[in-house]
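All remarks here apply to the structure that follows.
Numbering (UniProt numbering), first residue to last: 1 to 271.
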């Protein structure tokens with residue numbers, strides 16, 4: 001009998017069972033389905049977010065249109081107009097003493113001074129012919145907040161002064177003070193105030209829209225800095241042209257300083 005040689009290596013092919021193939025196929029299908037569901041979910045979320053964005057933009061647009069079409073309300077306006085002489089100067093021409101105020105229409109300390117002392121000083125010293133009162137814009141809040149709202153407010157005061165209503169405009173801005181934040185002074189607010197004061201609307205709007213006094217306000221600020229003004233409000237007493245800075249803390253404090261200057265330098269007798 002012949003003997004067959006045994007090699008020790010199994011050369012037979014192992015065929016996967018049908019159940020294993022089915023299991024792998026099902027797992028692959030499950031993964032694909034899970035991926036498809038995730039993609040669908042992402043698309044749904046994106047559609048929802050886009051829809052929300054469209055709604056938000058629409059709401060903002062509606063509020064913007066309403067805000068632009070609704071006139072700004074002002075609780076306090078001057079009873080009658082104040083006639084300006086030289087830009088924003090009140091008082092008798094023969095007064096030897098002048099109070100010069102540097103202020104920002106958004107400055108809270110300036111608003112405080114306006115409420116506490118402004119009208120009393122004008123009643124006591126300006127209307128009686130003892131002093132002149134000079135207002136100068138110093139737009140310091142713009143430097144702090146890095147915007148130009150105070151600059152626009154200062155330009156508007158000058159535009160109103162073109163119609164002899166600069167003091168009324170300045171007074172009305174303080175009387176209806178809205179704070180110092182960016183956006184409290186807009187061109188719309190300024191134009192609405194001009195309308196409420198009865199100014200010639202076309203003249204005022206043209207003045208503001210063309211930034212007629214932008215350079216003048218900037219020059220005013222530069223001149224103030226050269227005098228040492230760094231904050232608001234800052235006051236100077238001018239006696240026959242010689243200026244000296246005075247500190248303001250209370251009405252009685254500034255009143256006594258003005259009274260002392262007037263006593264030493266009374267108004268000249270008109271010739």
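No residue lacks a Cβ here, since even glycine has one placed at the ideal position from N, Cα and C. Because the structure is a prediction, the values reported are computed rather than measured.
From the DSSP secondary-structure annotation, give me the bridge partner or partners of residue i.
i	result
residue 135	101
residue 244	237
residue 90	133
Whole angstroms is fine: what's the gap from residue i's alpha carbon to residue j's?
i	j	result
residue 242	residue 222	19 Å
residue 129	residue 122	10 Å
residue 254	residue 265	16 Å
residue 267	residue 183	44 Å
residue 207	residue 43	53 Å
residue 139	residue 116	21 Å
residue 143	residue 39	50 Å
residue 154	residue 236	20 Å
residue 149	residue 104	10 Å
residue 110	residue 99	15 Å
residue 251	residue 166	23 Å
residue 146	residue 216	19 Å
residue 156	residue 41	55 Å
residue 151	residue 204	16 Å
residue 45	residue 178	41 Å
residue 94	residue 224	25 Å
residue 158	residue 213	7 Å
residue 260	residue 180	34 Å
residue 227	residue 134	15 Å
Residue i and residue j: beta carbons closer than 9 Å?
i	j	result
residue 131	residue 229	no
residue 256	residue 97	no
residue 107	residue 232	yes
residue 163	residue 190	no
residue 193	residue 172	yes
residue 175	residue 114	yes
residue 272	residue 245	Only positions 1 to 271 of the chain appear in the structure, and residue 272 is not among them; the question remains open.
residue 269	residue 101	no
residue 161	residue 248	no
In the DSSP assignment, the alpha helix (DSSP H) including residue i goes from what residue to what residue?
i	result
residue 199	Run containing residue 199: none; DSSP gives neither H nor E here.
residue 222	214–226
residue 262	251–264
residue 108	108–113
From which residue to which residue does the beta strand (DSSP E) around residue i run?
i	result
residue 210	Run containing residue 210: none; DSSP gives neither H nor E here.
Given 8 Å as the limit, tell me if residue i has its C-beta closer than that to any heavy atom belonging to the ligand HEM.
i	result
residue 35	With respect to the ligand HEM, the structure offers nothing, as it holds no ligand at all.
Can you confirm whether residue i, when its beta carbon is compared against all beta carbons of chain B, has any partner nearer than 9 Å?
i	result
residue 126	Of the protein chains in the structure, only one exists, and it is not chain B.
Kindly provide the ranges of any alpha helix (DSSP H) runs that are 4 or more residues long and lie completely inside the segment 116–190, ordered along the chain. Unbroken alpha helix (DSSP H) stretches of 4 residues or longer found wholly inside the segment 116–190: 140–145, 149–161, 166–175, given in chain order.
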